[in-house]
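Working notes for the structure below.
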Amino acid sequence: MIWISCILTETALPTGLTEHQNHFSCNQGIYDIMNATISDSPNTETKRWKIALLNGLNMTSLGQRDKNVYGTIGSLQELEDLVSDTGAKLGVDIVAFHSNHEGDLVDFIEAATDIDAFMINPGGLWRFGEPTNIAFEQAGKPFVEVHFANIYATGDKSVYTDSALATTMGFRHYGYLGSLVALVAELNQGLLCSH
36 MIWISCILTE TALPTGLTEH QNHFSCNQGI YDIMNATISD SPNTETKRWK
86 IALLNGLNMT SLGQRDKNVY GTIGSLQELE DLVSDTGAKL GVDIVAFHSN
136 HEGDLVDFIE AATDIDAFMI NPGGLWRFGE PTNIAFEQAG KPFVEVHFAN
186 IYATGDKSVY TDSALATTMG FRHYGYLGSL VALVAELNQG LLCSH
């Protein structure tokens, strides 16, 4: 289990950098890591990895929530585009899916036989989304749990954490990008079982 937890605030910005400049420098660092991930990869398969990006309850309100917690992402579509563009640079296909209804997420996971791995921000399901967690276990594919905020600051534990390959929280939208890079590196190294 990999644990990454941090609260990113405006005070975390290097002196003199604006949010936009920090966004660029963080993205440049991610692209440097991505280049190393791609070039160091022993993956000789001709198949492109397909990773599902799932967003659960309340994620459509991005852009309307506290910017200190959720950052500058203006919408769920903007987040999905950012992850898809990053995936393309990594040479993987991203399939984005969102629902405010847990049954829809379960149906998607059960039907996703061509997916190699999952990333999920369960949104409001993190406290009680056991049916989705069971669907992941039955699918037998690796999944990473991602949260904009440090949900553990509430004192509660996510129902997904014990089953997830990794949990990333507190890095706003950068957590999605970092998780994607790490997940692709693990798939490329053949370290994950993807059926």
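Note that our numbering has the sequence shown beginning at 36, numbered continuously upward. All C-beta atoms, glycine included, are put in the ideal place defined by N, C-alpha and C. Since the model is a prediction, treat every value here as computed from it, not as a measurement.
Residue j beta carbon less than 8 angstroms from that of residue i
i    : j    : result
F244 : F153 : As shown, the chain starts at 36 and ends at 230. That puts residue 244 outside it, with no answer to give.
W84  : L222 : yes
G158 : G91  : yes
Y195 : W161 : yes
T148 : V181 : no
L218 : I86  : yes
V130 : I155 : no
Spatial distance of residue i from residue j (CA atoms)
i    : j    : result
T121 : V127 : 9 angstroms
A188 : L125 : 32 angstroms
S119 : G164 : 25 angstroms
I186 : S193 : 8 angstroms
D142 : Q173 : 12 angstroms
Endpoints, beta strand (DSSP E) assigned at residue i
i    : result
T121 : Note, T121: premise wrong, no beta strand (DSSP E); alpha helix (DSSP H) at L111 to L125.
G9   : Only positions 36 to 230 of the chain appear in this structure, which leaves residue 9 out of reach.
K85  : K85 to L92
V130 : D128 to H133
Residues near residue i in its chain [Cβ-Cβ closer than 8 angstroms; skip 5 each side]
i    : result
Y66  : At Y66 the pLDDT is 48, less than 50, meaning the model places this residue with poor confidence; the figure from the coordinates comes in the next sentence. Only K124 meet the Cβ criterion.
L117 : I108, H208, Y211 and L212
S198 : N168, F171, E172 and F178
Beta-carbon contacts of residue i that lie in its chain and below 7 angstroms, excluding the five residues immediately before and after
i    : result
R207 : L43, Y105, G106 and F183
L111 : N90, M94, T95, L97 and H133
L231 : This structure leaves residue 231 out entirely; the chain is present only between 36 and 230.
E137 : L160, G164, P166 and T167
M69  : The predicted position of M69 is uncertain, since its pLDDT is 49 and thus under 50; no value can be drawn from it.
Neighbour flag for residue i against chain B, beta carbons, 8 angstroms
i    : result
I144 : Among the protein chains of the structure shown there is no chain B, as only one such chain exists.
For residue i, the first and last residue of its enclosing alpha helix (DSSP H)
i    : result
N168 : E165 to A174
F178 : Not the alpha helix (DSSP H): F178 falls in the beta strand (DSSP E), residues F178 to H182.
D139 : E137 to A146
G210 : Y209 to N223
(Q) Does the stretch 95-109 come into contact with the stretch 160-169, if we say contact requires no fewer than three beta-carbon pairs (one atom in each stretch) closer than 8 angstroms? (A) no
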